[in-house]
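Okay, so the sequence shown: first residue is 6 according to my numbering, each after it adds one.
Virtual Cβ for every residue (Gly too), placed ideally from N, Cα, C.
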Amino acid sequence: MRRLVRLADVGPRDTVLEIGPGLGSMTLGLLGTAGAVVAVEVDAPLAAALPVTVAARLPAEAAARLHVVLADGLRLGPADLPAGVPAPDVLAANLPYNVAVPLLLGVLERLPSLRRGLVMVQAEVADRLTAPPGSRVYGAPSVKLAWYARSRPAGGVPRPVFWPQPNVDSGLVAFTRRTPPAPAELRAEVFAAVDAAFAQRRKTLRTALAPWAGSRAAATTLAEAAGVDPGARGETLDVEAYCRLATARVAAERAPAD
Numbered sequence: 006m007r008r009l010v011r012l013a014d015v016g017p018r019d020t021v022l023e024i025g026p027g028l029g030s031m032t033l034g035l036l037g038t039a040g041a042v043v044a045v046e047v048d049a050p051l052a053a054a055l056p057v058t059v060a061a062r063l064p065a066e067a068a069a070r071l072h073v074v075l076a077d078g079l080r081l082g083p084a085d086l087p088a089g090v091p092a093p094d095v096l097a098a099n100l101p102y103n104v105a106v107p108l109l110l111g112v113l114e115r116l117p118s119l120r121r122g123l124v125m126v127q128a129e130v131a132d133r134l135t136a137p138p139g140s141r142v143y144g145a146p147s148v149k150l151a152w153y154a155r156s157r158p159a160g161g162v163p164r165p166v167f168w169p170q171p172n173v174d175s176g177l178v179a180f181t182r183r184t185p186p187a188p189a190e191l192r193a194e195v196f197a198a199v200d201a202a203f204a205q206r207r208k209t210l211r212t213a214l215a216p217w218a219g220s221r222a223a224a225t226t227l228a229e230a231a232g233v234d235p236g237a238r239g240e241t242l243d244v245e246a247y248c249r250l251a252t253a254r255v256a257a258e259r260a261p262a263d
């Protein structure tokens, strides 16, 4: 946990969002460096125990900088955050592994104040989130995270550091928010194209995108308009290429009929 806190690189001016603090191991480390920690816990008994743990192990000054929110991280929004506390700018968390991807993408969408972060997830998920185009593990999570942020692998975490010891390996993902590669109102269309492309990842774009575009012919036309090879596969395209596909579809829908 000390390593994670160090890699998160938080300081006294940062408000850290921690989702799933559990027994509070990482919370204790974060409170040693951060200006404030907003700990979001869905389990009521754990949420109630966290301030007690912090008060027993840290000075009162540090305990006063902890703000516990009883909420589901999958639905967390600005209205759930504590009043009078600066909006969180850093996400540092050991994310619940079974919902790590939707949770991460959701908080990046709903909490624009987050500008960087470090999260621990299952190793295979870490590989997918940070994979470049063309990689065998590059997929929809890779493209969608790239819409919000630039990411990189930040190391592995061995099984024996956990209690109880899990049956999976863990990995760290560091990210820094970027300006989206297209207008925000285009995001849903971009993500729809991504989902269609990877629903049949071994198919060419003219086939995989047909349900999204309306037909194989329409998918071919949109790909050509976007400067994308319709014979390519979705795993070869970066997020900017998916933005061009979405832009081409919106333009086609707005074009007057012959």
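In the DSSP assignment, the beta strand (DSSP E) including residue 46 goes from what residue to what residue? Element bounds for residue 46: 41 to 46.
Reference residue 165; option with closest CA among 159, 174, 157 and 158: Per the Cα distances, 174.
If we count the other Cβ atoms within 10 Å of its Cβ and call it buried at 16 or more, is residue 167 buried or exposed? Per the 10 Å Cβ criterion, exposed.
For residue 241 and residue 169, what's the separation of their Cα atoms in angstroms? Cα to Cα, the separation comes out at about 39 angstroms.
Can at least three beta-carbon pairs, one atom from the segment 137 to 150 and one from the segment 87 to 102, be found at a separation below 8 angstroms? With the cut-off at 8 angstroms, the segment 137 to 150 and the segment 87 to 102 do not touch.
Could you tell me the distance, in whole angstroms, from the CA atom of residue 76 to the CA atom of residue 105? The straight-line gap from Cα to Cα measures roughly 16 angstroms.
At which residues does the beta strand (DSSP E) containing residue 161 begin and terminate? Start and end: 154 to 162.
Taking 8 angstroms as the threshold, find out whether the segment 67 to 82 comes into contact with the segment 129 to 145 through three or more Cβ pairs. The answer is no - the segment 129 to 145 does not touch the segment 67 to 82, with fewer than three Cβ pairs under 8 angstroms.
Just to confirm before moving on: does the CB-CB distance between residue 222 and residue 246 stay below 8 angstroms? Not in contact: residue 222 and residue 246 (Cβ atoms no closer than 8 angstroms).
Contact under 8 angstroms by Cβ, residue 215 with residue 12: Between residue 215 and residue 12, the gap from beta carbon to beta carbon reaches 8 angstroms or more.
Quick one: residues in its chain with C-beta nearer than 6 angstroms to the C-beta of residue 243, no 5 flanking neighbours on either side, listed in chain order? Correct list, in chain order: 138.
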